[in-house]
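Going left to right, the sequence shown walks through residues 7 to 150 as our numbering numbers them. Each residue gets a CB set at the ideal place from its N, CA and C atoms; glycine is no exception.
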Amino acid sequence: MTTNEEAPARPPIPKTEISQGFWDAIAEGRLAIQRCTSCGLLRHYPQLRCPSCHSADSDWADVSGRGRVHSYTVAHRAFHPAWKDHVPYVIATIELEEGIRLVCDLLDADPDTIAIDQAVEVRFEDLPGQGPIPRFDVVDASGG
7 MTTNEEAPAR
17 PPIPKTEISQ
27 GFWDAIAEGR
37 LAIQRCTSCG
47 LLRHYPQLRC
57 PSCHSADSDW
67 ADVSGRGRVH
77 SYTVAHRAFH
87 PAWKDHVPYV
97 IATIELEEGI
107 RLVCDLLDAD
117 PDTIAIDQAV
127 EVRFEDLPGQ
137 GPIPRFDVVD
147 ASGG
(Lines of atoms letter the chains of each structure in order from A; the text may use other names.)
(Lines give C-alpha, C1' and ligand atoms only; values in the text may rest on other atoms or scores of the structure.)
Protein backbone atom coordinates (compact mmCIF):
# COMPACT_ATOMS: atom_id res chain seq x y z
CA MET A 7 0.00 0.00 0.00
CA THR A 8 1.30 3.44 -0.89
CA THR A 9 0.92 6.58 1.20
CA ASN A 10 1.37 8.92 -1.78
CA GLU A 11 -2.16 8.90 -3.12
CA GLU A 12 -3.01 11.36 -5.86
CA ALA A 13 -6.33 13.13 -5.57
CA PRO A 14 -8.83 11.77 -8.08
CA ALA A 15 -9.67 13.89 -11.10
CA ARG A 16 -12.64 16.22 -10.94
CA PRO A 17 -15.72 15.15 -12.89
CA PRO A 18 -15.66 16.54 -16.44
CA ILE A 19 -17.22 19.94 -17.01
CA PRO A 20 -20.23 19.59 -19.32
CA LYS A 21 -19.49 21.76 -22.36
CA THR A 22 -22.23 21.92 -24.96
CA GLU A 23 -22.80 23.67 -28.27
CA ILE A 24 -25.04 26.16 -26.44
CA SER A 25 -22.36 27.01 -23.85
CA GLN A 26 -19.37 26.96 -26.21
CA GLY A 27 -19.16 30.78 -26.44
CA PHE A 28 -18.84 30.96 -22.65
CA TRP A 29 -15.95 28.46 -22.66
CA ASP A 30 -14.28 30.06 -25.69
CA ALA A 31 -14.20 33.42 -23.90
CA ILE A 32 -12.78 31.84 -20.74
CA ALA A 33 -10.03 30.21 -22.80
CA GLU A 34 -9.13 33.76 -23.93
CA GLY A 35 -9.15 35.11 -20.35
CA ARG A 36 -12.52 36.85 -20.65
CA LEU A 37 -15.82 36.32 -18.84
CA ALA A 38 -18.65 36.52 -21.38
CA ILE A 39 -22.36 36.03 -20.77
CA GLN A 40 -24.99 35.13 -23.35
CA ARG A 41 -27.02 38.16 -24.46
CA CYS A 42 -30.29 38.26 -26.39
CA THR A 43 -29.74 40.41 -29.48
CA SER A 44 -33.47 41.18 -29.67
CA CYS A 45 -34.14 42.54 -26.17
CA GLY A 46 -30.63 42.77 -24.65
CA LEU A 47 -31.26 40.43 -21.70
CA LEU A 48 -28.11 38.89 -20.23
CA ARG A 49 -28.66 35.28 -19.22
CA HIS A 50 -26.74 32.53 -17.53
CA TYR A 51 -26.88 29.52 -17.93
CA PRO A 52 -26.80 29.69 -21.74
CA GLN A 53 -30.11 28.80 -23.37
CA LEU A 54 -31.46 28.30 -26.88
CA ARG A 55 -34.14 30.97 -26.46
CA CYS A 56 -34.45 34.16 -24.48
CA PRO A 57 -36.69 33.58 -21.44
CA SER A 58 -37.96 37.16 -21.75
CA CYS A 59 -38.82 37.67 -25.45
CA HIS A 60 -38.35 34.07 -26.72
CA SER A 61 -35.97 35.12 -29.49
CA ALA A 62 -33.44 32.54 -30.67
CA ASP A 63 -30.93 35.28 -31.55
CA SER A 64 -28.03 35.79 -29.16
CA ASP A 65 -24.37 36.71 -28.90
CA TRP A 66 -21.77 36.85 -26.14
CA ALA A 67 -21.15 40.01 -24.12
CA ASP A 68 -17.98 40.53 -22.12
CA VAL A 69 -18.72 41.43 -18.51
CA SER A 70 -16.56 43.04 -15.84
CA GLY A 71 -15.90 39.96 -13.73
CA ARG A 72 -16.55 42.05 -10.61
CA GLY A 73 -19.43 41.39 -8.28
CA ARG A 74 -20.64 40.65 -4.78
CA VAL A 75 -21.56 37.55 -2.80
CA HIS A 76 -25.34 37.25 -3.11
CA SER A 77 -25.59 34.06 -1.04
CA TYR A 78 -23.32 31.23 0.02
CA THR A 79 -23.04 27.93 1.81
CA VAL A 80 -20.09 26.14 3.34
CA ALA A 81 -19.47 22.54 2.29
CA HIS A 82 -18.13 20.47 5.17
CA ARG A 83 -18.22 17.16 3.29
CA ALA A 84 -16.81 16.47 -0.13
CA PHE A 85 -19.52 15.46 -2.60
CA HIS A 86 -16.78 13.91 -4.77
CA PRO A 87 -13.36 12.51 -3.78
CA ALA A 88 -11.58 15.25 -5.78
CA TRP A 89 -12.74 17.82 -3.20
CA LYS A 90 -11.78 15.87 -0.07
CA ASP A 91 -8.65 17.94 0.55
CA HIS A 92 -10.57 21.23 0.18
CA VAL A 93 -13.28 20.91 2.85
CA PRO A 94 -14.57 23.07 4.29
CA TYR A 95 -15.02 25.34 1.27
CA VAL A 96 -17.42 28.05 0.16
CA ILE A 97 -19.95 27.70 -2.66
CA ALA A 98 -21.37 31.11 -3.56
CA THR A 99 -23.88 32.77 -5.82
CA ILE A 100 -22.09 35.80 -7.22
CA GLU A 101 -24.08 38.74 -8.52
CA LEU A 102 -21.99 40.48 -11.16
CA GLU A 103 -22.03 44.28 -11.53
CA GLU A 104 -24.12 43.70 -14.66
CA GLY A 105 -26.87 42.04 -12.57
CA ILE A 106 -26.41 38.45 -13.71
CA ARG A 107 -25.72 35.69 -11.16
CA LEU A 108 -23.29 32.78 -11.35
CA VAL A 109 -22.69 29.92 -8.91
CA CYS A 110 -19.10 28.94 -8.18
CA ASP A 111 -16.85 27.56 -5.49
CA LEU A 112 -14.55 29.95 -3.66
CA LEU A 113 -11.83 27.48 -2.70
CA ASP A 114 -9.48 30.16 -1.35
CA ALA A 115 -12.12 31.98 0.72
CA ASP A 116 -12.10 31.62 4.50
CA PRO A 117 -15.40 29.97 5.45
CA ASP A 118 -15.31 31.80 8.80
CA THR A 119 -15.09 35.29 7.31
CA ILE A 120 -17.10 35.10 4.06
CA ALA A 121 -20.10 37.45 4.14
CA ILE A 122 -23.11 38.47 2.08
CA ASP A 123 -22.34 41.52 -0.11
CA GLN A 124 -18.57 40.92 0.05
CA ALA A 125 -16.78 42.14 -3.09
CA VAL A 126 -15.30 39.49 -5.40
CA GLU A 127 -13.45 39.43 -8.71
CA VAL A 128 -13.06 36.69 -11.31
CA ARG A 129 -9.84 34.84 -12.01
CA PHE A 130 -9.28 31.92 -14.32
CA GLU A 131 -7.78 28.67 -13.11
CA ASP A 132 -6.57 25.89 -15.36
CA LEU A 133 -7.93 22.45 -14.48
CA PRO A 134 -5.65 19.66 -15.71
CA GLY A 135 -7.19 17.98 -18.74
CA GLN A 136 -10.19 20.34 -18.82
CA GLY A 137 -8.88 23.83 -19.46
CA PRO A 138 -9.59 27.07 -17.61
CA ILE A 139 -12.62 27.71 -15.41
CA PRO A 140 -13.82 30.93 -13.79
CA ARG A 141 -13.23 31.29 -10.07
CA PHE A 142 -13.86 34.26 -7.84
CA ASP A 143 -11.60 35.73 -5.18
CA VAL A 144 -12.69 37.94 -2.30
CA VAL A 145 -11.44 41.51 -2.76
CA ASP A 146 -10.30 43.13 0.48
CA ALA A 147 -11.57 46.54 1.59
CA SER A 148 -8.52 48.31 0.15
CA GLY A 149 -9.48 47.02 -3.33
CA GLY A 150 -6.69 44.47 -3.72
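Own chain, CB closer than 7 Å to residue i, minus 5 neighbours either side, in chain order
i   : result
A88 : A13, P14, A15, R16
W29 : K21
Where residue i falls, given that 16 or more other Cβ within 10 Å makes a residue buried
i    : result
V109 : exposed
I5   : Shown here, the chain extends from 7 to 150; a query on residue 5 therefore has no answer.
A98  : buried
C59  : exposed
V128 : buried
Q26  : exposed
L54  : exposed
V126 : buried
L112 : buried
F85  : exposed
I100 : buried
I122 : exposed
I19  : exposed
Own chain, CB closer than 8 Å to residue i, minus 5 neighbours either side, in chain order
i   : result
A33 : G137, P138
Limits of the beta strand (DSSP E) - the one that residue i falls within
i    : result
W89  : Element bounds for W89: n/a, residue is neither H nor E.
I39  : 38-42
L112 : 107-112
E131 : 125-133
V144 : 137-144
Residue span of the alpha helix (DSSP H) that contains residue i, given as start and end
i   : result
G27 : 26-33
Cβ shell of residue i (< 6 Å), same chain only, five flanking positions each side left out
i    : result
S61  : C42, S44
I70  : Reading off the sequence, residue 70 comes out as Ser, not Ile. So the qualifying residues of the chain are E103.
P117 : V80, P94, V96
Three-state class that DSSP yields for residue i in the structure shown
i    : result
E103 : coil
H76  : strand
S70  : coil
V93  : coil
Bridge-paired residues (DSSP) for residue i
i   : result
R55 : R55 pairs with nothing; no bridge assigned.
P14 : DSSP lists no partner for P14.
L48 : R41
Closer than 8 Å to chain C by CB, residue i
i    : result
P134 : The question asks about chain C, but that chain is absent: this structure has only one protein chain.
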